[in-house]
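Participant: Going by our numbering, the first residue of the sequence shown is number 1116, and it counts up by one from there. Where is the CB? At the ideal position from N, CA and C, for every residue including glycine.
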Amino acid sequence: MAESPAWGNRVVDLTDEGHNALATNPQILAVKAGSEHIFPKTVHDALRTLLGIDPAGVAVSFPLAASPINYFS
């Protein structure tokens, strides 16, 4: 765990009143029509990068078909 990380304590994705995911612009991390949806594989890919295990070792055996987005900056 990082102590007082700059990227902590924020919500990135939202849903509508029917709990449907809204598209999020990955550059500004805000809801914007025509953007992408955030999936667990996208967050997992960003965690691999943050932890320095991308793309070496076991990550090669378990590739993620995810758009690279830097959530931790």
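Helix, strand or coil for Val-1127? Go by DSSP, reduced to three states.
Facilitator: Coil, per DSSP.
Participant: Roughly how many angstroms lie between the CA atoms of Asn-1124 and Glu-1132, to the nearest whole one?
Facilitator: Straight-line Cα distance between these residues: approximately 23 Å.
Participant: Pull up the distance between the alpha-carbon of Pro-1178 and that of Glu-1118, whole angstroms please.
Facilitator: The alpha-carbon atoms of Pro-1178 and Glu-1118 are separated by roughly 29 Å.
Participant: Report the residue ranges of all alpha helix (DSSP H) runs contained in full by the segment 1142-1173; include only those spanning at least 4 residues, in chain order.
Facilitator: Counting only runs of 4 or more, we get 1155-1166.
Participant: In its own chain, which residues sit with a C-beta less than 6 Å from the C-beta of Lys-1156, not counting the 5 before and 5 after it?
Facilitator: Around Lys-1156: Leu-1179 and Ala-1181.
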